[in-house]
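Heads up, the working numbering is the position in the sequence shown plus 51, with the first residue counted as 1.
Glycine included, each C-beta is placed from N, C-alpha and C at the ideal position.
In what follows, a structure is listed as structure tokens, so that the remarks can point back to it.
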Amino acid sequence: MTSQPLEACQLRQVCDPTEFDFETTEGLEDLEQMIGQKRAVDAVRFGIGIQRDGYNLYALGPSGTGKRTTISRFLERKAAEEPVPSDWCYVNNFEDNHKPSTLELPPGKGTDLRDDMEQLIEELRTAIPTAFESEDYQTRKQELQEEFQEKQEAALNEIQEKAKERGIALIRTPVGLAFAPVEEGEVVSPDEFQKLPDEKREQVKEDIAELQEELQETMRQARQWEREAREKTKELDRQVAMLAVGHRIDELQETYGDLESVVAHLEAVKNDIVDNVDDFRRTGEEEAEALLGMPMQRIREAKFRRYQVNVLVDHSESDGAPVVYEEHPTYNNLIGRIEHIAQMGALVTDFNLIKPGAFHRANGGYLLIDARELLMQPYAWEGLKRVLRAQQVRIESLSQALSMVSTVSLEPEPIPLRVKIVLIGERLLYYLLNQYDPDFSELFKVEADFDDQMPRTAENDLLYARLIATMARREDLRPFDRASVARVIERSSRIVGDTKKLSTHLLSIADLLEEADYWAGEAGNGIVTVEDVQRAIAEQINRSDRLRDRTHEHIQRGMILVDTEGEKVGQVNGLSVIALGNFAFGRPSRITARTRLGKGNVVDIEREVDLGGPIHSKGVLILSSYLGARYAPEHPLSLSASLVFEQSYAGVEGDSASLAELCALLSALAHAPIKQSFAVTGSVNQHGEVQPIGGVNEKIEGFFDTCQGKGLTGEQGVLIPVSNVEHLMLREDVVEAVERGDFHIYPVANVDEALALLTGLPAGERDEEGKFPEGTVNQRVEARLIELAEKQHSFGESSEEEGTDGTDGSSEEDATPPQG
Numbered sequence: 052m053t054s055q056p057l058e059a060c061q062l063r064q065v066c067d068p069t070e071f072d073f074e075t076t077e078g079l080e081d082l083e084q085m086i087g088q089k090r091a092v093d094a095v096r097f098g099i100g101i102q103r104d105g106y107n108l109y110a111l112g113p114s115g116t117g118k119r120t121t122i123s124r125f126l127e128r129k130a131a132e133e134p135v136p137s138d139w140c141y142v143n144n145f146e147d148n149h150k151p152s153t154l155e156l157p158p159g160k161g162t163d164l165r166d167d168m169e170q171l172i173e174e175l176r177t178a179i180p181t182a183f184e185s186e187d188y189q190t191r192k193q194e195l196q197e198e199f200q201e202k203q204e205a206a207l208n209e210i211q212e213k214a215k216e217r218g219i220a221l222i223r224t225p226v227g228l229a230f231a232p233v234e235e236g237e238v239v240s241p242d243e244f245q246k247l248p249d250e251k252r253e254q255v256k257e258d259i260a261e262l263q264e265e266l267q268e269t270m271r272q273a274r275q276w277e278r279e280a281r282e283k284t285k286e287l288d289r290q291v292a293m294l295a296v297g298h299r300i301d302e303l304q305e306t307y308g309d310l311e312s313v314v315a316h317l318e319a320v321k322n323d324i325v326d327n328v329d330d331f332r333r334t335g336e337e338e339a340e341a342l343l344g345m346p347m348q349r350i351r352e353a354k355f356r357r358y359q360v361n362v363l364v365d366h367s368e369s370d371g372a373p374v375v376y377e378e379h380p381t382y383n384n385l386i387g388r389i390e391h392i393a394q395m396g397a398l399v400t401d402f403n404l405i406k407p408g409a410f411h412r413a414n415g416g417y418l419l420i421d422a423r424e425l426l427m428q429p430y431a432w433e434g435l436k437r438v439l440r441a442q443q444v445r446i447e448s449l450s451q452a453l454s455m456v457s458t459v460s461l462e463p464e465p466i467p468l469r470v471k472i473v474l475i476g477e478r479l480l481y482y483l484l485n486q487y488d489p490d491f492s493e494l495f496k497v498e499a500d501f502d503d504q505m506p507r508t509a510e511n512d513l514l515y516a517r518l519i520a521t522m523a524r525r526e527d528l529r530p531f532d533r534a535s536v537a538r539v540i541e542r543s544s545r546i547v548g549d550t551k552k553l554s555t556h557l558l559s560i561a562d563l564l565e566e567a568d569y570w571a572g573e574a575g576n577g578i579v580t581v582e583d584v585q586r587a588i589a590e591q592i593n594r595s596d597r598l599r600d601r602t603h604e605h606i607q608r609g610m611i612l613v614d615t616e617g618e619k620v621g622q623v624n625g626l627s628v629i630a631l632g633n634f635a636f637g638r639p640s641r642i643t644a645r646t647r648l649g650k651g652n653v654v655d656i657e658r659e660v661d662l663g664g665p666i667h668s669k670g671v672l673i674l675s676s677y678l679g680a681r682y683a684p685e686h687p688l689s690l691s692a693s694l695v696f697e698q699s700y701a702g703v704e705g706d707s708a709s710l711a712e713l714c715a716l717l718s719a720l721a722h723a724p725i726k727q728s729f730a731v732t733g734s735v736n737q738h739g740e741v742q743p744i745g746g747v748n749e750k751i752e753g754f755f756d757t758c759q760g761k762g763l764t765g766e767q768g769v770l771i772p773v774s775n776v777e778h779l780m781l782r783e784d785v786v787e788a789v790e791r792g793d794f795h796i797y798p799v800a801n802v803d804e805a806l807a808l809l810t811g812l813p814a815g816e817r818d819e820e821g822k823f824p825e826g827t828v829n830q831r832v833e834a835r836l837i838e839l840a841e842k843q844h845s846f847g848e849s850s851e852e853e854g855t856d857g858t859d860g861s862s863e864e865d866a867t868p869p870q871g
């Protein structure tokens, strides 16, 4: 039974503009929902709604399908209904400066506390010096000093009186106090002292020794009085400082009374200011000299940085929960970082230099990350998993996390985390992570699978028109008339290569709309017409088809051998697709087959030289199985056959040429010429059924262009699998040629139909006796295979006889002719 060619109307699913009841897209409402992604949308709703550990989302699908846009809109709507999360601040830990403390405050209170603390310190820098310069403080301090001096003087006077009674004077020397004998009011010199009687000298020495002991005791007591005076002065300073500080901090504690952590921190600030009140009293000149002329402003600021508030996350202007998209998900951009500043040749840091990461900004809301960008950053993936498992953000540098250095640095208190993570990436990354990372399935339990196509129905055509209207308004494009909308819909079907589907690759559609708008502007049109859309499509192709033009040029010039007329045995035109970036085109290739006596092997020359991929090699092996099972099943397969893509200098992959290869092989066995006006594409199974293949439109157009270049005869055409008919969205010039009868498309369901068309001979089916009709292709193939099997058997018997009579010791295997 011979297959009939397809009608022109079967080669392209036209969208009729008259089905639309609008003139231009201005009359259409915006499309609010995402079309064609019900499965993904339901998954996103579920993932956002469920508030359980590990139910983070991974949005998988081809780039350009609107994953980020769709999810962002859902998240923004959901986030707007949720409460604004807390502000987070880092403050100094006065007990351990290397471990800054966190403060959680209601939204907007973080900046209020920061401003209040700055104002407090600014006031104290004036109030404290003023308090210590007051007359009352100076008087009380003077009294304490005078009290100490009076005690000291009284004790010394008492010793001096005792010494005077014994004729000894208490004198002051450069090295301190000393005793010396006195005669007639004058201090006795050492020489005169030696002239005194021995008895008197001994008495003076004893008196001086006693007085020296009393003086030492008095000096010890004086030091104790001095310490007491210092303590009293310090206590006085604390009282004065508390008077200056206390009521101001008490006011702040009252303001933040419902926040226990803030109240406790203010209490610690008050105690530290009182303990270090001298920092507010000194002017800083001494420090400036010690620091080699360091600017006074930096000295003063350095003193008071410990009282500042580092607002890590500020939600004072937020409405609802945050939705954060991290463009560059490095480890530090996710976790946060601790910066350093250079001072006097050294790098120093403090809690004010702690900077937030994406986790901090998204805390209490949602965080979107591109999966590929995340996995490309060193240690970012491990850092993300560690945060999700711990449910807290601990800021530490990579050197700390990897234990590469042991220098003293900050260890900020971790911040509790409540966030929903959404990873956006390709399907391959999802399946690889799911397979090789055991943590992935525990942390990302929701997959939102975005499809790149949707059913093409009348209802969806109208939704697609509204999508075009929405995108045109959003991008400020000219309105599209209904004919141009219909052309965009047809192009959408061609993108997915299916008459019953529409593309949901919104990036491609957006590009087409923008380019059509440009050409409309160039033509001076107020609206976008079908001619503008067609121009945009043609220009897109023209920018990418240099290699296609070069290939067809080589075919026309005879540099690549492809016949479009005549008949050849064991030769057929196969079709392949070359994809370069976003552009793909079909190219005809000559496939040839040679057969001879052998051991049943079909040699794939492409595989022998490592140019054939595993799928292509699988298709060739299927041919051997088909031959053995279909023809002469009671005889051994005794042929050696070779198949090759002529002038193929690159890799060949896929099984879409297996039908063409089988037809070439059968032609060679049957010595039945194949019409070179045909090209063949299709995969074949072991039962001879033709299976669908990809790129059918590009393949047909590729052979059509070749035939058109050589001259259309009305006999040329392409054989395709019957199951690929519904995928046809051919160019208009191809459809017109078919309509004129200059070109033909034949759908085939099995090898027999293809053989009948290619050879012009009936393929033949077995009769009741199990024989093929005489003269059919299948009968000639079977006869040739039986002939080869009998020759192989005769060669074997001849070899055995030669080995028996001793005239030749070679084996049967040696007697077998060499393999092809």
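| Check | Outcome |
| --- | --- |
| Nearest residue (CA-CA) to residue 84, options 118, 432, 491 and 174 | 118 |
| Residue 734 beta carbon less than 9 angstroms from that of residue 640 | no |
| Collapsed DSSP secondary structure at residue 786 in the structure displayed | helix |
| Helix, strand or coil at residue 16 according to DSSP, with G and I counted as helix | The first residue shown for the chain is 52 and the last is 871, placing residue 16 beyond what the model contains. |
| Residue 633, buried or exposed, once every other Cβ within 10 Å from all chains shown has been counted against 16 | exposed |
| Residue 610 versus residue 800: straight-line alpha-carbon distance, rounded | 34 angstroms |
| Element boundaries [beta strand (DSSP E), containing residue 552] | 552 to 554 |
| Residue closest to residue 188, alpha-carbon to alpha-carbon, out of 266, 290 and 131 | 290 |
| Pairwise C-alpha distance: residue 564 and residue 589 | 13 angstroms |
| Simplified DSSP assignment, three categories, for residue 637 | strand |
| Straight-line gap, residue 355 to residue 320 (C-alpha atoms, nearest Å) | 11 angstroms |
| Residue 269, buried or exposed, once every other Cβ within 10 Å from all chains shown has been counted against 16 | buried |
| Proximity below 9 angstroms, CB of residue 70 to CB of residue 532 | no |
| Under the three-state DSSP convention, the category residue 418 falls into | strand |
| Rounded straight-line distance, which links the Cα of residue 510 to that of residue 165 | 58 angstroms |
| Burial state of residue 707 (16 or more Cβ within 10 Å) | buried |
| Start and end residues, beta strand (DSSP E) containing residue 377 | 374 to 377 |
| Within 9 angstroms, strictly: CB atoms of residue 672 and residue 836 | no |
| Of the residues 206, 432 and 77, the one placed nearest residue 265, counting alpha carbons only | 206 |
| C-beta atoms of residue 749 and residue 616 nearer than 9 angstroms | no |
| Between the CA atoms of residue 155 and residue 183 - distance to the nearest angstrom | 36 angstroms |
| CA-to-CA distance, residue 82 to residue 518, given in whole angstroms | 6 angstroms |
| Residue 778 in three-state terms, based on DSSP | helix |
| Runs of alpha helix (DSSP H) wholly within the region 517 to 603 (minimum 4 residues, chain order) | 533 to 547, 557 to 574 and 581 to 595 |
| Through-space distance from residue 485 to residue 792, alpha-carbon basis | 54 angstroms |
| Residue 140 Cβ short of 8 angstroms to the ligand SAH heavy atom set | Among the ligands in the structure shown, none appear at all, so the ligand SAH cannot be discussed. |
| Residue environment, residue 332, which counts as buried when at least 16 other CB atoms sit within 10 Å | exposed |
| Beta strand (DSSP E) segment containing residue 696, residue limits | 690 to 696 |
| Ordered list of alpha helix (DSSP H) runs contained in the region 463 to 496, each at least 4 residues | 478 to 487 and 491 to 494 |
| Residue 155 - DSSP class collapsed to helix/strand/coil | strand |
| Contact the region 741 to 760 vs the region 535 to 549: 3+ CB pairs below 8 angstroms | yes |
| Through-space distance from residue 666 to residue 544, alpha-carbon basis | 28 angstroms |
| Reduced DSSP category for residue 650 - H, G, I as helix; E, B as strand; rest coil | coil |
| CA-to-CA distance, residue 443 to residue 462, given in whole angstroms | 14 angstroms |
| Rounded straight-line distance, which links the Cα of residue 574 to that of residue 740 | 51 angstroms |
| Backbone secondary structure at residue 828 - three-state DSSP | helix |
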